[in-house]
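As structure tokens, the structure follows; a few thoughts come after it.
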Amino acid sequence: VTNSPRPAGVVAGQDSDAKLTLVVASTDTVRMDFLIPALMRIFEDETLDVEIVGIGPPGEAIRAAGVPIRCVETLPYEKFLLFVAEAKNPVGLIPLDTSVFSGCKSPIKFLDYSMAGVVSVCSNVPPYSDLVVEGVNGWLVDGTTEAWYAAVKDWGESPDGRRRRAG
547 VTNSPRPAGV VAGQDSDAKL TLVVASTDTV RMDFLIPALM RIFEDETLDV EIVGIGPPGE
607 AIRAAGVPIR CVETLPYEKF LLFVAEAKNP VGLIPLDTSV FSGCKSPIKF LDYSMAGVVS
667 VCSNVPPYSD LVVEGVNGWL VDGTTEAWYA AVKDWGESPD GRRRRAG
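The number in the working numbering is simply the position in the sequence shown, starting from 1, with 546 added.
Printed below as a string of structure tokens:
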């Protein structure tokens, strides 16, 4: 991507020894009933070393559900790209429900993360299932707590695989 805040070919903060930074960001509220229990399980899983970061309204919703999270206010676009690009081992989590309204959305969050060199795990629904090629430019996850937990656990437990997938 030519407008990326980092040089071409450089992947955001990939370091096999650092904790995984899970980023959930949106400028509006998104339905996360399937993601919040997965995030709690991820945080409680002693085999994983993660930090959960919520940017904008999702952060407050996750915190209100009792999940330990670092909340960041909604950022201007360029600052958002730099913030996620500078995170250590960032993974953009993009939950989306199956409503008609959500199906009409654009895949902007996926494109934003891609511009910053950040790998995304997306709900397996349009618009993401229309754009993401599984394992090539991102990962698609069904809208269940177990599927989200398993996807993130796989990323967190496999630093070498994470580095191969991201690069």
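Backbone N, C-alpha and C fix where the C-beta goes; we use that ideal spot for every residue, glycine too.
Residue state for residue 582 is assigned as helix, using DSSP reduced to three classes.
Residue pairing by DSSP places residue 598 opposite 568 in a beta bridge. Residue 610 sits exposed, since fewer than 16 C-beta atoms from the chains shown fall within 10 Å of its C-beta.
Excluding residues up to 5 positions away in sequence, 570, 604, 607, 608, 641 lie with their Cβ nearer than 8 Å to the Cβ of residue 578 in the same chain.
Collapsing the DSSP output to three states places residue 660 in a helix. Counting C-beta atoms within 10 angstroms of its own C-beta, residue 695 has 16 or more neighbours from the protein chains shown and is therefore classed as buried. Spanning the alpha carbons of residue 660 and residue 627 requires a straight line of approximately 9 Å.
Per DSSP, residue 608 lies in no beta strand (DSSP E); the unbroken alpha helix (DSSP H) holding it starts and ends at 603 to 610.
Per the coordinates, the alpha-carbon of residue 631 lies some 32 Å from the alpha-carbon of residue 646. Residue 638 holds the alpha-carbon nearest to the alpha-carbon of residue 662 among 615, 597, 638. The Cβ-Cβ distance between residue 584 and residue 698 falls below 8 Å.
Beta-bridge pairing by DSSP links residue 685 to 667.
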